[in-house]
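Q: Numbering (this note's numbering), first residue to last: 44 to 294.
Using N, Cα and C, we set each Cβ at its ideal position, and we do this for glycine too.
As the structure is a computational prediction, the values presented were derived from the model and not from experiment.
1. Please identify the residue among 85, 213, 122 whose C-alpha is closest to the C-alpha of residue 176.
2. Is DSSP giving residue 209 helix, strand or coil here?
3. Which residue marks the beginning of the beta strand (DSSP E) containing residue 248, and which one marks its end?
4. DSSP on residue 67, reduced to helix/strand/coil?
5. When you compare only the Cα positions, how much space is there between residue 181 and residue 208?
6. Using the Cα positions of residue 233 and residue 197, report the straight-line distance between them to the nearest angstrom.
7. Tell me whether the beta-carbon of residue 258 lies closer than 8 Å to the beta-carbon of residue 201.
8. Write down the C-beta distance between residue 203 and residue 240 rounded to the nearest angstrom, noting that I regard them as a contact closer than 8 Å.
9. Alpha helix (DSSP H) containing residue 89: first to last residue?
10. On the DSSP letters alone, give me the boundaries of the beta strand (DSSP E) that residue 171 sits inside.
11. CA-CA distance, residue 284 and residue 117?
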């Protein structure tokens with residue numbers, strides 16, 4: 044049942060130890076398997092439409108027709124000290140192929156306002172916010188999706204024709220990363236960043252396969268395969284462990 048996602052996902056229990064709260068779009072949701080080993084309670088509020096509230100857009104699905112104030116109020120009630128809120132948003136929401144420069148600027152402004160409000164709640168509850176940097180965005184030839192290319196020539200064909208250059212990947216992700224870095228600079232006690240791009244990209248290319256020729260992403264929206272998750276498992280888990288044990292100042 045998804046009639047009231049906010050109350051179902053962000054349940055209140057002040058007696059529990061620190062929590063891990065996973066919020067955002069599918070770029071947060073697909074990381075859930077990497078959180079299973081943590082003893083902290085895992086709370087997940089992710090959906091492809093939920094990020095619209097962070098970007099100042101209207102909601103499209105009744106179960107997620109909540110406003111920012113409602114989300115922040117509920118987070119303020121469920122966070123225990125030393126909890127970690129993990130926020131993942133695809134950079135395509137800011138710099139995707141259908142976004143104009145004006146739309147990117149407007150979305151960045153909306154996102155900055157939303158994250159500043161979120162940081163206030165996180166800080167008030169002596170918790171941490173982990174901002175997930177974007178993954179490299181695929182660059183397949185027009186009219187040729189990854190599924191078509193895979194059926195034609197397997198993982199190698201996909202990697203050869205869809206792997207973006209490192210320069211291209213950085214350009215697409217930079218506006219989001221610049222905002223995240225600015226927020227970390229202002230709120231160093233409560234904000235950290237996990238930038239996964241260096242794990243996938245060398246000096247020239249962001250390969251969509253690993254040395255075993257396994258695909259790291261399974262679609263054009265940069266959702267990770269099991270092999271892709273393994274690529275980030277250790278560094279992401281280490282980052283989260285460090286944040287769970289960090290005791291920041293209360294302000």
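A: On the basis of the coordinates in this document:
1. Counted from its first residue, the chain shown places residue 176 at position 133. Cα-wise, what sits closest to residue 176 is 213.
2. Taking the chain shown and counting its residues from 1, the one referred to as residue 209 is at position 166. Three-state DSSP puts residue 209 in a helix.
3. Along the chain shown, read from residue 1 onward, the residue named residue 248 stands at position 205. Counted as a single uninterrupted DSSP element, the stretch harbouring residue 248 is not any beta strand (DSSP E), since DSSP gives it neither H nor E.
4. As a position in the chain shown, residue 67 is number 24, starting the count at 1. The answer is strand: DSSP assigns residue 67 an E or B state.
5. Translated into positions along the chain shown, residue 181 becomes position 138. Translated into positions along the chain shown, residue 208 becomes position 165. Each residue's alpha carbon lies about 9 Å from the other.
6. Sequence index remark: in the chain shown, residue 233 carries index 190 (1-based). Sequence index remark: in the chain shown, residue 197 carries index 154 (1-based). Their backbone Cα atoms lie some 44 Å apart in a straight line.
7. In the chain shown, counting from the first residue as 1, residue 258 sits at position 215. In the chain shown, counting from the first residue as 1, residue 201 sits at position 158. Going by C-beta atoms, residue 258 is nearer than 8 Å to residue 201.
8. Residue 203 sits at position 160 when you count from the first residue of the chain shown. Residue 240 sits at position 197 when you count from the first residue of the chain shown. 20 Å between Cβ atoms; not a contact.
9. Position 46 of the chain shown, counted from the first residue, corresponds to residue 89. For residue 89, there is no enclosing alpha helix (DSSP H); the residue is part of the beta strand (DSSP E) that begins and ends at 84 to 89.
10. Sequence index remark: in the chain shown, residue 171 carries index 128 (1-based). Run containing residue 171: 171 to 175, per the beta strand (DSSP E) assignment.
11. Reading the chain shown from its first residue, position 241 is the one you call residue 284. Reading the chain shown from its first residue, position 74 is the one you call residue 117. For residue 284 and residue 117, the distance between alpha carbons rounds to 24 Å.
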